[in-house]
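Participant: What follows is a structure written as structure tokens; I'll ask about it next.
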Amino acid sequence: MNNLEDCIKQFPCYHHEDLKYQMFNGFTPVSTTLPYSIEMVMIKKVKKMLDNNGGDLFVVSFNLDNKPLVLDGGIGIFSINDIEKECKVITQLPIQYKGYRCWSIVCQFTQKEGTTDVLDYSNY
Numbered sequence: 001m002n003n004l005e006d007c008i009k010q011f012p013c014y015h016h017e018d019l020k021y022q023m024f025n026g027f028t029p030v031s032t033t034l035p036y037s038i039e040m041v042m043i044k045k046v047k048k049m050l051d052n053n054g055g056d057l058f059v060v061s062f063n064l065d066n067k068p069l070v071l072d073g074g075i076g077i078f079s080i081n082d083i084e085k086e087c088k089v090i091t092q093l094p095i096q097y098k099g100y101r102c103w104s105i106v107c108q109f110t111q112k113e114g115t116t117d118v119l120d121y122s123n124y
């Protein structure tokens with residue numbers, strides 16, 4: 001799994017009906033992965049940019065014509081059900097998601113809240 005885009009596609013996402021309750025810097029995503037532990041990262045580019053004292057990772061994806069303007073290493077606000085959490089932007093990349101061209105942003109929560117194994121579906 002050397003391709004970052006292929007790695008992103010393997011992680012489970014929130015149900016599409018839950019996306020209307022999510023915002024990243026004021027923009028509603030078209031897809032958001034469930035948070036996953038930094039121990040699951042296998043991509044060298046992402047590993048170098050991680051804060052080992054930070055929280056879990058997640059990826060938010062947007063339509064190309066409706067995406068937030070953020071910089072790698074910058075800080076963003078992710079809100080779900082009106083609960084706001086600060087996160088660091090790790091990297092960004094264009095992907096193709098279900099036939100649509102999207103812009104994905106890999107983020108890390110700035111505070112640890114316990115790790116989550118997204119492959120254990122009993123958590124959700």
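Note that UniProt numbering numbers the sequence shown so that position 63 is 63, with each residue one more than the last.
All residues carry an ideal CB built from backbone N, CA and C; glycine is no exception.
#1: Is the distance from the Cβ of D51 to the Cβ of Q96 below 9 angstroms?
#2: In angstroms, rounded to a whole number, what distance separates the CA positions of Q111 and I75?
#3: Nearest-angstrom Cα distance between T91 and D65?
#4: Between E17 and M49, what straight-line distance do the alpha-carbon atoms span, to the nearest angstrom?
#5: State buried or exposed for P94, treating a residue as buried only when at least 16 other CB atoms are found within 10 Å of its CB.
#6: With a Cβ-Cβ cutoff of 9 angstroms, do T28 and S61 count as a contact?
#7: Can you tell me the Cα-Cα spacing of V70 and N25, whole angstroms?
#8: What did DSSP end up calling Y21 once you bin it into helix, strand or coil?
#9: Suppose only complete runs of 4+ residues qualify. What are the alpha helix (DSSP H) ranges in the region 44-99, listed by chain order?
#10: What is the rounded straight-line gap between the Cα of S79 and the Cα of V46?
Facilitator: Once the coordinates are examined:
#1: no
#2: 12 angstroms
#3: 19 angstroms
#4: 31 angstroms
#5: exposed
#6: no
#7: 9 angstroms
#8: helix
#9: 44-49
#10: 23 angstroms
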